[in-house]
Amino acid sequence: MKRVSLLLLGLAVLFGLSMTAFADSTDILFTGVSGPNAGGVYTGIYYGTLNNGMANAVPNSPFICDDYPDEITEGDSWTATVSSLTNLGTTRFMPTYLNDPSLTQIQAYSEVAWLAENLLYGAGTNGTTDNDPNGISWAIWYILDNPDMTRLDPGTLSEVNNYVTAANSWLDGLPAACRANPIACGDVRNIYIYTPPTGVTSQEFLGPTPEPLSMILMGTFLSLAGLGVGKKKLMS
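Residue numbers (our numbering): 137 to 372.
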């Protein structure tokens, strides 16, 4: 009974976390940025509270903005639909909005997810510096948004070529797997898309899995503990 109880408890925790990770929607509270700025536009990692207002809220969650046209300010909150690369039906940017019309939607988001993964985890797989928030952010926006340069501060327009050069460096470093078989592109399956409802001007974010890693480990431990007790009982 002890083995069964521990095993069921562990599986219940993991099942509950899985349901959280693939919830239909979640509330996000935008709390700030990490500081990098390119022409008056914040780049790099944004921060917010995931599951805002809930008992399982996750403060200081890192996000990447893939949404150049829309603007947010600190303290804004909204409800976002959670998507993965296996289900892009609710995401904001469809093929008709992409900078490169030859890309399918899943190819575009897979490439963007690969870039977000580099920014979140510092992979540096294109040979440039790991911490390149301006280049990566602009590369993401080039893929999905075809950004309007007129939004840049007039005094920084001379820097635009630097951003373009950095972005192109990252785009040139995209692995072929992102285009040939998007789901096989690194660990991009760990990146989720958080999309505001249609008509809401809050930004679409990319981010890691919603549940805390410690909770996943606890569920795994309980499941293995249940199996371990059972094995000891069989050997006694």
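Positions of the beta carbon are idealized from the N, C-alpha and C atoms, including for glycine.
Query raised in the report: Is the distance from the Cβ of Tyr183 to the Cβ of Ser161 below 8 Å?
Result: On the sequence shown, position 47 is the one that residue 183 refers to. On the sequence shown, position 25 is the one that residue 161 refers to. No, Cβ-Cβ distance for Tyr183 and Ser161 is not below 8 Å.
Q) Can you check whether the CB of Glu210 is closer than 8 Å to the CB of Gly168? A) The count along the sequence shown starts at 1 and reaches residue 168 at position 32. The count along the sequence shown starts at 1 and reaches residue 210 at position 74. A contact, by the Cβ cut-off of 8 Å.
Taking only the alpha-carbon atoms, compute the straight-line gap between Gly335 and Glu253 and give it to the nearest angstrom.
Here residue 335 refers to the residue found at position 199 when the sequence shown is read from its first residue. Here residue 253 refers to the residue found at position 117 when the sequence shown is read from its first residue. If you draw a straight line from the Cα of Gly335 to the Cα of Glu253, it comes to about 28 Å.
- Query: Residues in its own chain within less than 8 Å of Asp281 by CB, not counting five upstream and five downstream?
  - Reply: Here the question's residue 281 lines up with position 145 in the sequence shown. Residues of the same chain with a CB within less than 8 Å of the CB of Asp281, apart from the 5 flanking positions on each side, are Asp202, Asp203, Tyr204, Pro205, Phe229, Tyr233 and Asn235 in chain order.
Exercise. Please name the residue in Leu255, Ile276 and Ile279 whose C-alpha comes closest to that of Asp268.
Key: Translated into the one-based positions of the sequence shown, residue 268 becomes position 132. For the options Leu255, Ile276 and Ile279, the alpha carbon positioned closest to that of Asp268 is the one of Leu255.
**Separation of Asn326 from Glu247, as counted between CA atoms** = Against the sequence shown, residue 247 aligns to sequence position 111. Against the sequence shown, residue 326 aligns to sequence position 190. Approximately 13 Å between the Cα atoms of the pair.
query = Taking the beta strand (DSSP E) that Asn188 falls in, what are its first and last residues?
reply = Locating residue 188 in the sequence shown gives position 52, counting from the first residue. Boundaries for Asn188: no beta strand (DSSP E) harbours it, and the DSSP string shows neither H nor E there.
Requested in this report: Could you check if Val333 is buried or exposed, using at least 16 other CB atoms within 10 Å of its CB as the buried criterion?
Outcome: Walking along the sequence shown from the start, residue 333 turns up at place 197. One detail in the question is off: residue 333 reads as Pro in this sequence, not Val. Sixteen is the threshold: since fewer than 16 other Cβ atoms of the shown chains lie within 10 Å of the Cβ of Pro333, the residue is exposed.
Quiz item: Is Leu251 near the ligand MN, judged by its Cβ being under 7 Å from some heavy atom?
Solution: Absent from the structure shown: the ligand MN. Ligands present: none.
So the candidates are Thr217, Val300 and Gly176; which of them puts its Cα closest to the Cα of Gln339?
The count along the sequence shown starts at 1 and reaches residue 339 at position 203. Closest option to Gln339, Cα to Cα, is Thr217.
Q. What whole-angstrom Cβ distance do Gly258 and Ala303 have, given they're in contact under 8 Å?
A. Residue numbering aside, residue 258 sits at position 122 when the sequence shown is read from its first letter. Residue numbering aside, residue 303 sits at position 167 when the sequence shown is read from its first letter. In fact, because the Cβ distance is near 18 Å, the residues do not count as touching under 8 Å.
Neighbour-count burial assignment, Ser219, 16 or more Cβ in a 10 Å radius
Within the sequence shown, numbered from 1, the residue matching residue 219 stands at position 83. Ser219 comes out buried.
Which of helix, strand or coil DSSP assigns to Thr167: Numbered from 1 along the sequence shown, position 31 holds the residue referred to as residue 167. It is a strand residue.
Can you list, in chain order, the residues of its chain with a C-beta nearer than 6 Å to that of Gly180? Leave out the 5 residues immediately preceding and following it.
Counting from 1 along the sequence shown, the entry for residue 180 is found at position 44. Taking C-beta separations shorter than 6 Å and ignoring five residues to either side along the sequence, the partners of Gly180 in its chain run Ser170, Pro172 and Pro269, following chain order.
ask   = Going straight from the alpha carbon of Tyr328 to that of Pro344, what length do you get?
value = Against the sequence shown, residue 328 aligns to sequence position 192. Against the sequence shown, residue 344 aligns to sequence position 208. Rounded to whole angstroms, Tyr328 to Pro344 spans 6 Å at the Cα level.
Item to check | Nearest-angstrom Cβ-Cβ length linking Thr227 and Tyr245, presumed shorter than 8 Å | outcome: Working through the sequence shown from its first residue, we reach residue 227 at position 91. Working through the sequence shown from its first residue, we reach residue 245 at position 109. About 7 Å separates the two Cβ atoms, so the contact holds.
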